[in-house]
Structures are given as C-alpha cells and as structure tokens.
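**Q** Structure below; questions to follow.
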Amino acid sequence: MSRDKDLTLLLSLWGRVPYTLRWLAYADSVRFPFKMLLADGSNDADAKTVENAVKAKGSFPHLDIDYVRYPEDKRPPDYFNKLEDAFSHIKTPFSCVGDNDDFPVPFGLAQCLDFMKKNEGYAACGGRYSGIYIDSGGVYGAPRFERRNPCWDITAPSAGERMRAHFSRYQLTWYDVHPSALHRSLYRRLKEAAPKDLFLMELLTSFLAAAEGRVKKLPILTLIRQHGTPNTSSAQARERGDALGRMLQENWSVDFAGFVDSVSRVIAQKDGISPGQASSLVREGYRRYSGKVLAKTLAASSGPKKTTALKGLLESALGPERFERWRAKYNQSRIPLWADPQDRSALTAVRDFLAAPESARAQKA
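With the numbering used here applied, the sequence shown corresponds to residues 1456 to 1820, in that order.
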C-alpha cells in the first residue's frame, strides 16, 4: 500500500513502553501508510526511552512519525490539555486515534479515508473491530481471537434523530476516521466539559460527532483490540465499579450535566430547537441507553455467583421473556472471523507478528 498524506493517526501515550515499542514494530512490519503523531505524556524515563527509539537511525524505516513530548499526565486536565494541543499539530485533512495495545488495520483505514474524501456531510467513518487475548500474559505470544461485533450507519437527517439512533444502538466511534477540523473541535469541547468518568468521556466525543454529522460504518475490519493488558485507563475506571457503581460516584452528576449541556447545544443549533428541548432529548436518550447497558452487563455474565438482586430487578422491569429475547439476539449478532479475505490477511499479520520468536522479529526488522 502506497503512502498516504491525507490521514494522521494520533497515538496518545502514558507509560506502558513495551506496548508502545510493540505497536511501532507492528506498524513498521505492515508498512503503515499514514502519518503518525505520538503525543507522549509519560514520566521522564518512559518518554525518553520511546523518544530515543523513535529517533534512532533506521529504527522504523517504513513509518512517518512525529513525536511530541508533553508534561506527565498526572490528572485528567493534563490529559485533556495534551489531546487538544496534539490535534493542533495535525495538518492532514483527516485524523484518527489509536491505543498502544491495539493493532490498526491499514486496508480498513484506507477504505474509511476514501469514503470520507468522497462523501461530504459525514462526521466519521469506521468499520468493525475484532478482539484478541494473549493467554500467556506477555506483550508477545500466540493470540486468541474474538469474533467481530456488528456495526451500522447513523444517517438520519437531523441531529436529534441521529442522537436517538445512537443511543438506541450505541457503537464505538472513538477510533473512526474524522475530519481533522471536527476532531479538534471535539477535543476542545471535551477539555471544556472535563469529565472524570472515562466512559462518559468516550460517549461525549461520540455523541458530539453524531450530532455534528452522519456516521458511516463499513463492513470491514479496521482495528484489532487487545483485551486484558495491564494499566489501561478503562481497567482503572472499572475499579470504581460497574455502570451502576459509577453513576453513584460523587462526581458523576457533574460529569453527566456537562455531557448533556455539550451535546444538547449542538442539537439545538443544528435542528433549530430550544436548549431545553434538546436537553430533554439527550436525557431521555441516555435513560434508555443506560438501561440497556445494565442489561448487557447481566447478559454477558454467567454462573450463579453473578446472578444478583439487580438482575432480578431488571428482569422484573423488562419482563423475563423480553430480557431473554434481547440476550439471545445479542449473543447471536457477532460475526464470524476469517471469512473475508482482507480481514483474514489482517488477522494473519497480527497473529504471525505476535507469535514470532524475538529473533525472527529482530531479523525481519
């Protein structure tokens, strides 16, 4: 795949140096064709290790990397400041973000970029994700793959309708290709809202994007996400509890008020309705969404130890038959891996890269 100058992938870093070096080695091995911006908010020692690796002559010959060092991410405001500033360094018309324990799929991103170039009025374009586990617990090892999740478009003509559709069938857009100007705006508003809840932070950028324009989801693999890695921000957030537990946190009501205000302002402006009407739409949509999140958590659980009073309460509210139908539909909706030739090629590249002996990886580099 030839090099493309229209897309930049922003990789936000905080520690976990072995995963960052693995990410760069993988990207180099697949000849990642897009520009990269590494925004490093690690401590001095970790940042120096990565910076030296990036700048070492011949270390990643097939990559186009810009490295920017930031003050250490000690608090959420540090992280928000870093992201907002990092997007000011991106000069390409389109951008996406990544995590250092995941594996972007170049072909899938290229298809998303091509769609965005040819279709105005879209806020984002993404595809399907697959998941992997490395049972050895190491940075490298034979991976175990997870089925792909389904995805769907959000193409309603009004911002309010898109918001309702997104709440009804929420899907991750964090890693999708966006116009860079919109991306900068999303992260500026994220900085203004400054939520402490990580999952509400993800929702905020996603619903702002859907309110701003349509979202396209292509039936292709764009990202392979590793689960179970140490020191992830999502794992740290889950230590504060599940979806219900986070809603009971002291800061949650403030975070939620900021979420409602940010999204409703866009809807009011786009649809020409009052802020109060837009706010009511957002609150009602979130009420429906949060009920499904709780049901999904219970549907994924198994065994008598995870059968709680909360499950009984939800089954009572939804009705046993309705709850069981929803759980069965969710469990059957995942898509088999390896069927599509392009997906198979991407999965094989990640499998071979992770499972190769260290000597073979060094020789290939």
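C-beta atoms are modelled at their ideal positions from N, C-alpha and C, and glycine is treated no differently. Please read all numbers here as calculations on a predicted model, not as lab measurements.
Beta strand (DSSP E) containing Glu1647: first to last residue?
**A** The residue you call residue 1647 lines up with position 192 of the sequence shown. Where Glu1647 is concerned, there is no enclosing beta strand (DSSP E), although the alpha helix (DSSP H) it sits in stretches over Ser1635 to Ala1648.
**Q** Can you tell which of Arg1720, Ala1636 and Val1709 has its C-alpha closest to the C-alpha of Ala1541?
**A** As a first step, residue 1541 is located in the sequence shown; it is residue number 86 there, counting from the start. Ala1541 has its Cα closest to that of Ala1636, out of Arg1720, Ala1636 and Val1709.
**Q** Taking the Cβ atom as the reference point for each residue, do Glu1667 and Ala1578 lie within a distance shorter than 8 Å?
**A** Numbered from its first residue, the sequence shown carries residue 1667 at position 212. Numbered from its first residue, the sequence shown carries residue 1578 at position 123. Yes, the pair counts as a contact, with Cβ atoms nearer than the cut-off.
**Q** Give every residue of the same chain whose Cβ lies closer than 8 Å to the Cβ of Leu1518, excluding the five residues on either side of it in the sequence, and list them in chain order.
**A** Taking the sequence shown and counting its residues from 1, the one referred to as residue 1518 is at position 63. Contacts found: Leu1479, Ala1482, Asp1483, Phe1487 and Met1491.
**Q** In three-state terms, what does DSSP make of Tyr1481?
**A** Residue 1481 sits at position 26 when you count from the first residue of the sequence shown. Tyr1481 falls in the helix class under three-state DSSP.
**Q** Using a Cβ-Cβ cutoff of less than 6 Å, which residues in the same chain neighbour Thr1504 once the five nearest sequence positions on both sides are dropped?
**A** Stepping through the sequence shown from its first residue, residue 1504 is reached at position 49. Excluding residues within five positions, the ones whose Cβ falls inside 6 Å are Val1472.
**Q** What is the C-beta distance between Leu1462 and Val1632, in whole angstroms, given that I count them as a contact (C-beta under 8 Å)?
**A** The residue given as residue 1462 occupies position 7 in the sequence shown. The residue given as residue 1632 occupies position 177 in the sequence shown. About 7 Å separates the two Cβ atoms, so the contact holds.
**Q** Exposed or buried, what is Gln1797 when buried is set at 16 or more other beta-carbons lying within 10 Å of its beta-carbon?
**A** Your numbering for residue 1797 matches position 342 in the sequence shown. By the 10 Å Cβ count, Gln1797 comes out exposed.
**Q** Counting only the same chain and skipping the five closest in sequence on each side, list residues whose C-beta sits under 6 Å from that of Gly1553.
**A** Translated into positions along the sequence shown, residue 1553 becomes position 98. Leu1464, Leu1466 and Pro1559, listed in sequence order.
**Q** What runs of the alpha helix (DSSP H), each 4 residues or longer, lie entirely inside the stretch 1505 to 1565?
**A** Taking only runs of at least 4 residues, the alpha helix (DSSP H) segments lying wholly in the stretch 1505 to 1565 are 1531 to 1543.
**Q** Helix, strand or coil for Pro1473 per DSSP?
**A** For the purposes of this step, residue 1473 is taken as the residue at position 18 of the sequence shown. In this structure, Pro1473 counts as helix in the three-state DSSP scheme.
**Q** Between the alpha carbons of Leu1493 and Leu1538, how many angstroms are there, rounded?
**A** The count along the sequence shown starts at 1 and reaches residue 1493 at position 38. The count along the sequence shown starts at 1 and reaches residue 1538 at position 83. Taking the straight line from one Cα to the other gives about 11 Å.
**Q** Does the separation of the CB atoms of Gly1563 and Gly1582 fall below 8 Å?
**A** Position 108 of the sequence shown, counted from the start, is the residue given in the question as residue 1563. Position 127 of the sequence shown, counted from the start, is the residue given in the question as residue 1582. Contact flag set, yes.
**Q** For Gly1668, which three-state DSSP category applies?
**A** Counting from one through the sequence shown, the residue named residue 1668 turns up at place 213. Of the three classes helix, strand and coil, the one that applies to Gly1668 here is coil, per DSSP.
**Q** Using only alpha-carbon positions, find the residue among Leu1676, Ser1719, Ser1729 and Arg1743 that is nearest to Arg1799.
**A** Taking the sequence shown and counting its residues from 1, the one referred to as residue 1799 is at position 344. The residue with the shortest Cα to Cα distance from Arg1799 is Leu1676.
**Q** What separation, rounded to the nearest whole angstrom, lies between the Cα atoms of Met1618 and Phe1662?
**A** Locating residue 1618 in the sequence shown gives position 163, where the first residue counts as 1. Locating residue 1662 in the sequence shown gives position 207, where the first residue counts as 1. Cα-Cα distance, rounded: 7 Å.
**Q** Between the stretch 1708 to 1720 and the stretch 1594 to 1606, do three or more beta carbon pairs fall short of 8 Å?
**A** The stretch 1708 to 1720, when compared against the stretch 1594 to 1606, does not touch it at the 8 Å Cβ threshold.
**Q** For Tyr1595, name the three-state secondary structure that DSSP assigns.
**A** Within the sequence shown, the letter at position 140 stands for residue 1595. Note: Tyr1595 maps to coil in three-state DSSP.
**Q** I'd like to know whether the C-beta atoms of Ser1550 and Asp1726 end up nearer to each other than 8 Å.
**A** In the sequence shown, counting from the first residue as 1, residue 1550 sits at position 95. In the sequence shown, counting from the first residue as 1, residue 1726 sits at position 271. No. Outside cutoff.
**Q** So is His1544 buried or exposed if we call it buried at 16+ other beta carbons inside 10 Å?
**A** Counting from one through the sequence shown, the residue named residue 1544 turns up at place 89. His1544 should be labelled exposed.
**Q** Please report the straight-line C-alpha distance between Arg1738 and His1638, rounded to a whole angstrom.
**A** Stepping through the sequence shown from its first residue, residue 1738 is reached at position 283. Stepping through the sequence shown from its first residue, residue 1638 is reached at position 183. Taking the straight line from one Cα to the other gives about 24 Å.
**Q** Under a three-way DSSP split, which group does Phe1570 fall into?
**A** Within the sequence shown, residue 1570 is the residue found at index 115, counting from 1. In the structure shown, Phe1570 sits in a helix (DSSP, three-state: H, G or I).
**Q** I need the straight-line Cα distance from Leu1641 to Leu1659, nearest angstrom please.
**A** What you label residue 1641 is simply residue 186 of the sequence shown in a count that begins at 1. What you label residue 1659 is simply residue 204 of the sequence shown in a count that begins at 1. C-alpha separation (whole angstroms): 9 Å.
**Q** Nearest chain B C-beta to Thr1677 closer than 8 Å, yes or no?
**A** Protein chain content of the structure displayed is limited to a single chain, and chain B is not contained in it.
**Q** Could you please give me the residues that DSSP links to Ala1579 through a beta bridge?
**A** By 1-based counting over the sequence shown, the position of residue 1579 is 124. Answer by DSSP bridge pairing, in chain order: Val1670.
**Q** Just how far apart, CA to CA, sit Pro1531 and Ser1745?
**A** Walking along the sequence shown from the start, residue 1531 turns up at place 76. Walking along the sequence shown from the start, residue 1745 turns up at place 290. Spanning the two alpha carbons is a distance of roughly 24 Å.
**Q** Which whole-angstrom value describes the C-beta separation of Pro1561 and Pro1634, a residue pair presumed to lie in contact below a C-beta threshold of 8 Å?
**A** Along the sequence shown, one-based indexing puts residue 1561 at 106. Along the sequence shown, one-based indexing puts residue 1634 at 179. About 20 Å; that fails the 8 Å criterion.
**Q** Taking just the CA atoms, how far does Gln1626 sit from Lys1671?
**A** Locating residue 1671 in the sequence shown gives position 216, where the first residue counts as 1. Locating residue 1626 in the sequence shown gives position 171, where the first residue counts as 1. Cα to Cα, the separation comes out at about 11 Å.
**Q** In terms of residues, what are the limits of the beta strand (DSSP E) holding Thr1463?
**A** In the sequence shown, the residue the question calls residue 1463 occupies position 8. Note, Thr1463: beta strand (DSSP E), Leu1462 to Leu1468.
**Q** Under the three-state reduction of DSSP, which class applies to Ser1585: helix, strand or coil?
**A** Numbered from 1 along the sequence shown, position 130 holds the residue referred to as residue 1585. The answer is strand: DSSP assigns Ser1585 an E or B state.
**Q** Considering only residues of the same chain and omitting the five flanking positions on each side of Ala1801, which have a CB-CB separation below 6 Å?
**A** For the purposes of this step, residue 1801 is taken as residue 346 along the sequence shown, with counting starting at 1. Once the five neighbours on either side are set aside, the close Cβ partners of Ala1801 are Val1560 and Leu1676.
**Q** Please go through the same chain and pick out, in chain order, the residues whose beta-carbon is closer than 6 Å to the beta-carbon of Lys1646, but skip the five residues on each side of it.
**A** By 1-based counting over the sequence shown, the position of residue 1646 is 191. Contacts found: Phe1535 and Glu1539.
**Q** Under the rule that 16 or more other beta-carbon atoms within 10 Å means buried, what is Arg1743, buried or exposed?
**A** Indexing the sequence shown from 1 puts residue 1743 at position 288. Counting Cβ neighbours within 10 Å, Arg1743 comes out exposed, since fewer than 16 surround it.
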